[in-house]
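So the protein lines, in turn, are chains A and B. Each position in the first sequence, counted from 1, maps to that position plus 1 in this note's numbering. Each position in the second sequence, counted from 1, maps to that position plus 8 in this note's numbering.
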Amino acid sequence: MSEVLILGIETSCDETAAAVVAGGCILRSNIVASQVAEHRKFGGVVPEIASRRHLELINTVIDSALAGAGVTFRELAAIAVTRGPGLAGALLVGVNTAKTLAFACGKPLVAVDHISAHVAANYLVHEVAFPAVCLVASGGHTSLLCLENRSSFRVMGATRDDAAGEAFDKVARALGLGYPGGPAIDSCARSGDPAAFAFPRAFLGSGDFDFSFSGLKSAVVNTLHNLRQRGEEINAADIAASFQAAVVEVLVAKTRQAAKDTGARSVLLAGGVAANRLLKIHLAQALAEDGTAFFYPPPELCTDNAAMVAAAGFDLYRQQRFAGFDLNATPALDILHHE
Amino acid sequence: MRVLGIDTATLACSAAVVAGGEILAEYTLLVKKTHSERLLPLVAKLLADVGLSVADLDGVAVAAGPGSFTGVRIGVATARALGQALKLPLIGVSTLEALASQAGCFPGLVSPILDARRGQIYNALFQAGKKRERACPDRVLDLGELLEELEQRSEQVLFLGDGVTPHRKAIVAALGERACFPPAEGLFNRAAAVARLGQAELAAGGGVSYIELLPLYIRKSEAEVKYLARCRQEGGAGN
Ligand SMILES: [Zn+2]
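In structure tokens:
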């Protein structure tokens, strides 16, 4: 049997991406055109500018992904695209491109939700033992999922306000560290003292798996404000380190508890925040004590990419869950109500 | 030569096929429902109903703007993907030019106006004559500015486009008898006009690749406008 080749397309935020994945786990090509530099001067992603760039780049990126994999449209089994959540205008470029390609090439179309795609990044690099718990943390979402297998999961908890990555971005901005905030905080924190400031750990020990990061963000902003008012010197490294320690402590504790409660054989990290060094170190330590396997994708598969979309699309393809040509973008797609 | 025309730049979601200069079919929806859901099913039905497959097409013409940014992108993304998958030449047609071409042999000036929000309109002027020559490039301006400009002239002016209905009173107040309007079915953007213009351009050796086809936004994004204004201000302050 010839291998199942899926073309993945991703345009939910500020990365224009296309990739070809074989059999749901073998990376054949993975092209990402990042717009991060273009949005930096605005201090964050500007939806209209992102949408315009996606349209200019998408077909070239798809050509590169096909060429990189050495295949043509004809050899594809299906085309997979991120339908949401994300920026409406940005998602629409990918969705309309994908479904028109599927129509014109006579290929099935699969619509992937972005969070499942982040989870699936793990399948590209690891043989995962199920059941598993996955912490998905990025600029747009923070949730804990319990996975029965590759294609069935339930949401154990999620953030009630800001996403973890969003808190990183906002604190980085408050500290004048620039955008995107995750890597900026991570590197600034290296020379800081994580115990310098006692920032709040929201919902720690609450017994559920929900998160809240807006109180933490406000505490950092208030601390900065007070220091400035008193004319005291601001040690950005100490603040970054203390903030990061607070986020990581909560993420690690809840993830560890979720794994214990579900009897998970492995724990996965997914999303941009999974690239955070401290989070990986602390989770690795905690899970080693518990004897639970721990996996996370390499940094380039943690941030938005289309290989993860193709990997997640493979599972939908296998179940023949195809999308129609009336597929629309779902900017606020709620994975809790994911069919 | 068979050309598919699509136009999703305004409220109208429209697709048409022309073959050898003849319009075979046109479907147009004027309902508030997202073009992203409607366009491709409309194209699929259109082709099936005239007994054609995508492989029978020789080119795709699309209303490339100006118009709703999102609407324009849906049309252009669809055209680009068709061009990429089928290796077809593409023709980006000005939404305003396509509208003006619906005026037929109206003897005066033709002035399509599209709602550009924030109290402005997208507009271009087209001269009377056998070949309707452009009198100005596509632009975005206040209705008042356009009417002032037209008050300096003496010809009859035909207005079409989705800007007519909200502004009809103001237009008549300014131009009186000189203001002309088509019947309702001539007011909105139709893909048949886009396909017809596209076919003419293709026959004349025109057409671009899917990489080259780009939207004609006319207007910058608001974030960019604000950013540039800020840069100018800071520059002006002697930074
Ligand atoms: Zn993401």
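By construction, the Cβ of each residue, glycine as well, lies at the ideal position given by its N, Cα and C atoms.
Within-7 angstroms CB hit, Ser252/B to chain A: Beyond the ends of chain B as shown, which are 9 and 247, falls residue 252/B; an answer cannot be given.
Arg10/B at chain A interface by Cβ criterion, 7 angstroms: Numbered from its first residue, the second sequence carries residue 10/B at position 2. No, because no Cβ of chain A sits closer than 7 angstroms to the Cβ of Arg10/B.
Residues in the region 103-132 of chain A having any Cβ partner in chain B nearer than 7 angstroms: Phe104, Ala105 and Cys106
beta-carbon Ser139/A near ligand 1 non-hydrogen atom, thresh 6 angstroms: Numbered from 1 along the first sequence, position 138 holds the residue referred to as residue 139/A. At least one heavy atom of ligand 1 is nearer than 6 angstroms to the Cβ of Ser139/A, so yes.
For Tyr180/A, three-class secondary structure by DSSP: Stepping through the first sequence from its first residue, residue 180/A is reached at position 179. The answer is coil: DSSP assigns Tyr180/A none of H, G, I, E or B.
Inter-residue Cα distance where the pair is Tyr35/B and Ala56/B: Here residue 35/B refers to the residue found at position 27 when the second sequence is read from its first residue. Here residue 56/B refers to the residue found at position 48 when the second sequence is read from its first residue. Between Tyr35/B and Ala56/B, the C-alpha separation is close to 12 angstroms.
Separation of Ala208/B from Arg81/B, as counted between CA atoms: Along the second sequence, one-based indexing puts residue 81/B at 73. Along the second sequence, one-based indexing puts residue 208/B at 200. Going by the C-alpha atoms only, they are around 23 angstroms apart.
Neighbour list for Ala52/B in chain A, Cβ cutoff strictly below 9 angstroms: The residue given as residue 52/B occupies position 44 in the second sequence. Here the neighbours are Phe104 and Phe326.
Proximity test, Asp170/B beta-carbon vs ligand 1 heavy atom, cut-off 6 angstroms: By 1-based counting over the second sequence, the position of residue 170/B is 162. No, ligand 1 has no heavy atom inside 6 angstroms of this Cβ.
Sequence-distant residues of the same chain with beta carbon closer than 6 angstroms to Thr16/B, five excluded per side: Translated into the one-based positions of the second sequence, residue 16/B becomes position 8. Excluding positions up to five away in sequence, the list reads His43, Leu47, Gly79, Ile82 and Gly83.
Contact with chain B by Ile50/A, beta-carbon distance below 7 angstroms: Along the first sequence, one-based indexing puts residue 50/A at 49. So, interface residue.
Any chain A beta carbon closer than 7 angstroms to Gln241/B: In the second sequence, the residue the question calls residue 241/B occupies position 233. False, the Cβ-Cβ gap to chain A never drops below 7 angstroms.
Span separating the alpha-carbon of Leu337/A from that of Leu28/A: What you label residue 337/A is simply residue 336 of the first sequence in a count that begins at 1. What you label residue 28/A is simply residue 27 of the first sequence in a count that begins at 1. Caution is warranted here: a pLDDT of 48 is assigned to Leu337/A, below 50, making its placement in the model unreliable, and no coordinate value can be reported.
Distance CB(Ala89/B)-CB(Leu98/B) smaller than 7 angstroms: Taking the second sequence and counting its residues from 1, the one referred to as residue 89/B is at position 81. Taking the second sequence and counting its residues from 1, the one referred to as residue 98/B is at position 90. It is not a contact, given that the beta carbons lie outside the stated cut-off.
Of the listed residues Ala20/B, Val25/B, Val58/B and Ala24/B, nearest to Lys41/B (C-alpha basis): Against the second sequence, residue 41/B aligns to sequence position 33. Closest by alpha carbon: Ala20/B.
Pair within 7 angstroms by beta-carbon distance, Glu4/A and Ala23/A: For the purposes of this step, residue 4/A is identified with residue 3 of the first sequence, where counting begins at 1. For the purposes of this step, residue 23/A is identified with residue 22 of the first sequence, where counting begins at 1. Their beta carbons are under 7 angstroms apart, which means Glu4/A touches Ala23/A by this criterion.
Three-state class that DSSP yields for Phe169/A in the structure shown: Within the first sequence, the letter at position 168 stands for residue 169/A. Helix.
Residues, ordered as in the chain, of the region 67-85 of chain B that lie near chain A by beta-carbon distance below 7 angstroms: Phe77, Thr78, Arg81, Ile82, Val84 and Ala85
Residues bridged to Asp150/B (per DSSP): Here residue 150/B refers to the residue found at position 142 of the second sequence. In the DSSP output, where bridge partners are listed per residue, Asp150/B has Gln128/B.
Residues near Val172/B by beta carbon distance below 7 angstroms, same chain, minus five either side: Stepping through the second sequence from its first residue, residue 172/B is reached at position 164. Around Val172/B: Ile121, Phe189 and Leu195.
Beta-carbon neighbours of Glu156/B, restricted to chain A and to distances below 9 angstroms: Position 148 of the second sequence holds residue 156/B. Simply none; closest approach about 30 angstroms.
Straight-line gap, Glu340/A to Leu110/A (C-alpha atoms, nearest Å): Sequence index remark: in the first sequence, residue 340/A carries index 339 (1-based). Sequence index remark: in the first sequence, residue 110/A carries index 109 (1-based). With a pLDDT of only 35 at Glu340/A, under 50, the local geometry of the prediction cannot be trusted, and no value is derived from it.
Which listed residue (Lys42/A, Leu217/A, Ala259/A and Val37/A) has its alpha carbon closest to that of Asp15/A: By one-based count along the first sequence, residue 15/A stands at place 14. Ranking Lys42/A, Leu217/A, Ala259/A and Val37/A by Cα distance to Asp15/A puts Val37/A first.
Cutoff 7 angstroms: Phe43/A Cβ touching any chain B Cβ: As a first step, residue 43/A is located in the first sequence; it is residue number 42 there, counting from the start. Interface residue, yes.
Cβ-heavy atom distance, Asp163/A to ligand 1, below 6 angstroms: Taking the first sequence and counting its residues from 1, one reaches residue 163/A at position 162. No - ligand 1 has no heavy atom lying nearer than 6 angstroms to the Cβ of Asp163/A.
Residues that DSSP places opposite Cys135/A in a beta bridge: What you label residue 135/A is simply residue 134 of the first sequence in a count that begins at 1. Answer is Leu146/A and Leu269/A, bridged to Cys135/A.
Closer than 6 angstroms: Asp305/A CB and nearest ligand 1 heavy atom: Stepping through the first sequence from its first residue, residue 305/A is reached at position 304. True, at least one ligand heavy atom lies under 6 angstroms from that Cβ.
Cross-chain neighbours of Val310/A in chain B, by beta carbon under 8 angstroms: Within the first sequence, residue 310/A is the residue found at index 309, counting from 1. Correct list: empty, because the minimum Cβ distance to chain B is about 17 angstroms.
At least 3 beta-carbon pairs within less than 8 angstroms: the region 164-173 of chain A vs the region 303-314 of chain A: no
Backbone CA spacing between Lys100/A and Ala20/A [nearest angstrom]: By one-based count along the first sequence, residue 100/A stands at place 99. By one-based count along the first sequence, residue 20/A stands at place 19. Looking at the two C-alpha atoms, the distance is approximately 16 angstroms.
Buried or exposed by the 16-neighbour rule on C-beta atoms within 10 Å, applied to Asp114/A: Position 113 of the first sequence, counted from the start, is the residue given in the question as residue 114/A. Buried, because 16 or more other Cβ atoms sit within 10 Å of the Cβ of Asp114/A.
Members of the region 51-70 of chain A near chain B, C-beta cut-off 8 angstroms: Ser52, Arg53, Leu56, Glu57, Ile59, Asn60, Thr61, Ile63 and Asp64
7 angstroms Cβ cutoff met for Ser213/A and Phe204/A: For the purposes of this step, residue 213/A is taken as the residue at position 212 of the first sequence. For the purposes of this step, residue 204/A is taken as the residue at position 203 of the first sequence. Yes, Cβ-Cβ distance for Ser213/A and Phe204/A is below 7 angstroms.
Closer than 7 angstroms to chain A by CB, Leu205/B: Counting from 1 along the second sequence, the entry for residue 205/B is found at position 197. Cβ-Cβ to chain A under 7 angstroms: no for Leu205/B.
Test: Pro49/B CB closer than 7 angstroms to a CB of chain A: Locating residue 49/B in the second sequence gives position 41, counting from the first residue. With 7 angstroms as the cut-off, Pro49/B counts as an interface residue toward chain A.
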